[in-house]
Every structure is written in C-alpha cells, then in structure tokens.
C-alpha cells in the first residue's frame, strides 16, 4: 500500500461530493498534477486532485488516513461593477459584480486537522480589517488535503485513457 496526498476542492465537494471521514473507504476519480503544476504549488502540496466533472472513467479506491482543512488568506478589493446601476427598463438584464475581487494573499495556507470533510465550506471566515479599507484581508476554507492509502498505483494524467 502507498499513501498519497489528494486535494479535494470546496466547490467539487459542494457540487457533487459526498462527505467522508478518517477511516472511510472512498472511490474517487483522481487526476495527477504534472511537474509544472507541482513546481508552481498547485493544490497545496498534493500529488493529485479529485475531479467530479469528466476526469478519468475509473475511480481510485483507497482508505482516508487523515484530513486537513485548507485555509487560504486573500486580499479583497472592492469590485466597481457592484455599484448599483441606474434604473433599468423592465425586462432588462442587469449584471452586477459580487462586491469584491479576491487575490491570494501573502503567506502559506493554514492546515487544520479535522476528522470529517464538510459538505459546505464557509465562504468568508474572518475579515481581519474593516471592509471600508481597501484592500482588506479575508480567510477562506478552499478545500481539504487528504492522505489516502491506495494500492500501489498512480493517479491518471489529464490525457490518459482509462
């Protein structure tokens, strides 16, 4: 048996995932990171990520040995598109921004050991400065890093066929 680190992104879990706990047997479609992604620090040190939308046709089965909730700090900027537009005519589609634009902040992500993966992640956990200051800092849970015990095998590459 081999152990590998896998990143399960918050939106993948919220959309199509099933919560799991340490000790559970799981079957996930895993995609390996390529060398460039590993060098660039994608997926917080994981060697593969869970892909619920396409990905490989077959699943990798394994036992969950540990789960770390990944918290990332961001700098939030006001989104100028969020300003209320002038009154629109009835039936006109009005596009509005979210009110803030996020960019990854300085520093490493914080890992928090947990026993179970949540189905839903808190969008903004902590606003360290008053929202009137621009930019201001927010901390967000972006997914989980899972230590998965698997038979000696490697996850699929994006272009691999089953």
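Residue numbers (this note's numbering): 59 to 220. Yeah, the Cβ is synthetic: ideal placement off N, Cα and C, and Gly gets one too.
Buried or exposed by the 16-neighbour rule on C-beta atoms within 10 Å, applied to residue 204: For the purposes of this step, residue 204 is identified with residue 146 of the chain shown, where counting begins at 1. By the Cβ neighbour-count rule, residue 204 is buried, with 16 or more other Cβ atoms within 10 Å of its own.
Identity of the residues DSSP links to residue 126 by a beta bridge: Taking the first residue of the chain shown as 1, we reach residue 126 at position 68. Answer is 171, 203.
Residue 115 to residue 59 span [Cα, whole Å]: Position 57 of the chain shown, counting from 1, holds the residue named residue 115. Position 1 of the chain shown, counting from 1, holds the residue named residue 59. Using only the alpha carbons, I get a separation of about 22 Å.
Extent of the continuous alpha helix (DSSP H) to which residue 69 belongs: Within the chain shown, numbered from 1, the residue matching residue 69 stands at position 11. Counting along the chain, the alpha helix (DSSP H) containing residue 69 begins and ends at 68 to 74.
Alpha-carbon spacing of residue 62 relative to residue 112, whole angstroms: Position 4 of the chain shown, counted from the start, is the residue given in the question as residue 62. Position 54 of the chain shown, counted from the start, is the residue given in the question as residue 112. Cα-Cα distance, rounded: 21 Å.
Delimiting residues of the beta strand (DSSP E) encompassing residue 91: Locating residue 91 in the chain shown gives position 33, where the first residue counts as 1. First-last for residue 91: undefined, no H or E at that position.
Nearest-angstrom Cα separation, counted from residue 209 out to residue 134: Position 76 of the chain shown, counted from the first residue, corresponds to residue 134. Position 151 of the chain shown, counted from the first residue, corresponds to residue 209. Cα to Cα, the separation comes out at about 42 Å.
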